[in-house]
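Have a look at the structure below before the remarks.
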Amino acid sequence: MKCVQYPLKTALTTATLSAYLTDDRDLAGDVAKPALIICPGGGYRHLSTRTSEVVALYFLSHGIQPFILQYSCKPVHYPAQLLEAAEAVKTVRDHASEWHVQPAQIIIGGFSAGGHLAANLATAWCEPLLAQYYANPKQIRPDAVMMGYAVVSAADPTSHRCFNSLLGDGDQNQALLAETSVDLHVRSNTPPTFIWATTTDKRISVNNSLQYATALQHAKVPFALYLFPMGPHGLGMAIPEMARLADEPQPAADVQQWPALFLDWVQEVVTQKKE
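If you want it as structure tokens, here you go:
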């Protein structure tokens, strides 16, 4: 494995894409894999370490080429993060051959605020805002989405702090709040989505995940929704060893299943898609 730090430049900001790549010598033939662009959580205030490298290394070991998007946080505001996510997808697609990625199997996924960013791109990839910067919207369209205990709606009281960090003074602008409430923008061309959350999350209500799933259902977009009965916010990979090291309660056995469920979903929904 080698890690490459790739600079991303947009019209507004710069960001970094960390690529965790399988060494050429470790590949059996010319094997192109699905890619997962990981958007860490952190409420748009910082990037959580527990939803960064540990996520990348897990999926690298399970046949996916992972990338971590180190996107801008407060005091940088929307739409900077959306452009960075779009540029990340385009960059991975542009380097697909070099990085052994299947260009029609690029997933963007995230946790908490990172899940919001993933869904923001999934619903805005063909909107006029991004058309100003990308002549071909298909370059920036993710092929699938993963959302872990994601922020979705500005109308949900538990999401207010996150939207304040994302929008700054714009968090009182109703049009901007509606623009960034991703459940309001799901269309039939929104990519297939894998959603998971816990019903006892007190920081970001499970209602966010339910609202997004309902929007996907109405738009007839394929999705999987897994709601686990117990677990706090910020579980990340829900790995018992990490909880022990952080002196935190052990994640429930059922929520520990989510990575395996996601891998099964990728196999069924994403890897069946050809270039």
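Under the working numbering, the first residue of the sequence shown carries the number 160, and numbering increases by one thereafter.
Beta carbons are placed, not taken as given, at the ideal position from N, Cα and C, and that holds for glycine.
* To do: Please work out which residues of its chain come closer than 6 Å, Cβ to Cβ, to Q416, disregarding the five sequence neighbours upstream and downstream, and give them in chain order.
  => none
* To do: Tell me, to the nearest whole angstrom, how far the beta carbon of L176 is from that of L228; I am working on the premise that it is less than 8 Å.
  => 6 Å
* Thinking C-alpha only, which one of P388, E286, R362 is nearest R320? -> R362
* Asked: Which residues in the same chain have their Cβ closer than 6 Å to the Cβ of T358, if we skip the five residues on either side of it in sequence?
  -> V365, L386, P388
* Keeping to the same chain, check which residues put their C-beta closer than 7 Å to that of L167; ignore five residues upstream and five downstream. => T173, A174, T175, L176, E243, E246, A247, T250
* Asked: Within 10 angstroms of its Cβ, does S220 collect 16 or more other Cβ (buried), or is it exposed?
  -> exposed
* To do: Report yes or no: do three or more beta-carbon pairs, one from the stretch 286-293 and one from the stretch 325-336, lie closer than 8 Å?
  => no
* Which one or two residues does DSSP pair with G307 in a beta bridge? -> F270, W355
* Asked: DSSP state of L228, grouped into three classes?
  -> strand
* **Helix, strand or coil at A170 [DSSP, three-state]** => coil
* Going by other Cβ atoms of all chains shown within 10 Å of its Cβ, with 16 needed for buried, is K192 buried or exposed? -> buried
* C-alpha distance - T352 paired with L195, whole-angstrom precision -> 13 Å
* Asked: Should A334 be counted as a contact of the ligand FMN given a C-beta to heavy atom distance under 7 Å?
  -> In terms of ligand content, the structure shown is empty, and the ligand FMN therefore cannot be addressed.
* DSSP beta-bridge partners of V260 -> K192
* **Identity of the residues DSSP links to K297 by a beta bridge** => Looking at the DSSP assignment, K297 forms no beta bridge with any residue, so it has no partner.
* **Residues of its chain near E427, where Cβ-Cβ distance is below 6 Å and the 5 sequence neighbours each way are ignored** => none
* Can you grab the Cα-Cα spacing for the pair S231 / A239, in whole Å? => 7 Å
* Does DSSP classify Q409 as helix, strand or coil? -> coil
* Just tell me which of L216, F382, L326, A170 has its CA closest to the CA of C162. => L216
* Asked: Counting pairs of beta carbons, one from the stretch 250-262 and one from the stretch 198-212, are three or more of them closer than 8 Å?
  -> no
* Asked: From S324 to Y179, what does the alpha carbon distance come to, in whole angstroms?
  -> 29 Å
* If you drop the 5 nearest sequence neighbours on each side, which residues of the same chain put their C-beta closer than 7 Å to that of Q431? -> none
* Measuring alpha carbon to alpha carbon, tell me which of A383, A314, A378, A356 ends up nearest A133. => Nothing about residue 133 can be read from this structure; the chain reaches only from 160 to 434.
* Given that a residue counts as buried once 16 or more other Cβ atoms are within 10 Å of its Cβ, and exposed if not, what is N348? -> exposed
* **Distance between beta carbons of C198 and G273, contact taken as under 8 Å** => 3 Å
* Can you tell me which of A337, G327, L276, V304 puts its alpha carbon nearest to the alpha carbon of Q264? => V304
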